[in-house]
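Residue numbers (full-length UniProt numbering): 1 to 240.
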């Protein structure tokens, strides 16, 4: 099984790559700085590194990199710096999602390709009646206006939910929504929910990056887990 991972050089992306390698998967990654990436992940015979920026690749190049992949996983995000939050590209996650899905469809795969997107619990699943207080609506509205990455994450998930949908001939998808991310050395117990069980603004939970990587790897490699969560936006919390 072959998986393309974008955002692989990020804190969560590296952990996902390692999880997949540990499960015997063949991995392709697209990273800007291969040497730096390989310093942290290491060289592996089942790991192919493509030096590029996703949005700078042509449609034909993206289709070539996606060709033969059973899954595509996106751990793309904006760095926590002024340039990362407010600079270009403003729609990194959304545009990459759309272009990668177009690349998948361009190859006319014989079976569905899985698209697994790391997102945020601050983004609601509009297929469900997820309750949110008036105060939280106001805060989220301000965040949407003032901090571009939030809107970017919303647009990426909405593209999968509405443009790809649940009956696409080429793509099946799942959107993973962690809460406040933390760094842990090992996988711990975590719980999954269809919708948030707490306020992402006023009562946030904690989700370790390694648990996110573990669950995303489960979605990619475990048919039972995929069957349970495909076409959905599961929320993941650490068990405390």
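We put the beta carbon where it would ideally sit given N, CA and C, even for glycine.
On a predicted model such as this, the values are computed, not experimentally measured, just so you know.
Looking at the structure shown, is residue i part of a helix, part of a strand, or coil, going by DSSP?
i: residue 82; result: With a pLDDT of 49 at residue 82, under the threshold of 50, the predicted position of this residue should be treated as unreliable, though the coordinate-derived value follows. Note: residue 82 maps to helix in three-state DSSP.
i: residue 88; result: coil
i: residue 118; result: strand
i: residue 107; result: coil
i: residue 73; result: strand
i: residue 2; result: strand
i: residue 128; result: coil
i: residue 240; result: coil
i: residue 227; result: helix
Among the candidates the options, whose CA atom is the shortest distance from the CA of residue i?
i: residue 33; options: 9, 190 and 75; result: 9
i: residue 207; options: 177, 101 and 222; result: 177
i: residue 11; options: 205, 76 and 52; result: 76
i: residue 22; options: 30, 42 and 35; result: 42
i: residue 116; options: 52, 194, 48 and 231; result: 231
i: residue 30; options: 146, 51 and 45; result: 51
Beta-carbon separation of residue i and residue j under 8 Å?
i: residue 62; j: residue 99; result: yes
i: residue 55; j: residue 92; result: yes
i: residue 183; j: residue 209; result: yes
i: residue 156; j: residue 73; result: no
i: residue 190; j: residue 235; result: no
Just the Cα atoms here: how many angstroms apart are residue i and residue j?
i: residue 202; j: residue 125; result: 19 Å
i: residue 192; j: residue 215; result: 9 Å
i: residue 225; j: residue 101; result: 22 Å
i: residue 103; j: residue 133; result: 39 Å
i: residue 82; j: residue 110; result: The predicted position of residue 82 is uncertain, since its pLDDT is 49 and thus under 50; a value taken from the coordinates is nonetheless stated next. Spanning the two alpha carbons is a distance of roughly 43 Å.
i: residue 170; j: residue 219; result: 17 Å
Handout entry: Ordered list of alpha helix (DSSP H) runs contained in the region 164-206, each at least 4 residues
Key = none
Problem - Completely contained alpha helix (DSSP H) runs for the region 8-74, where each covers 4 or more residues - result: 11-22, 34-41 and 59-66
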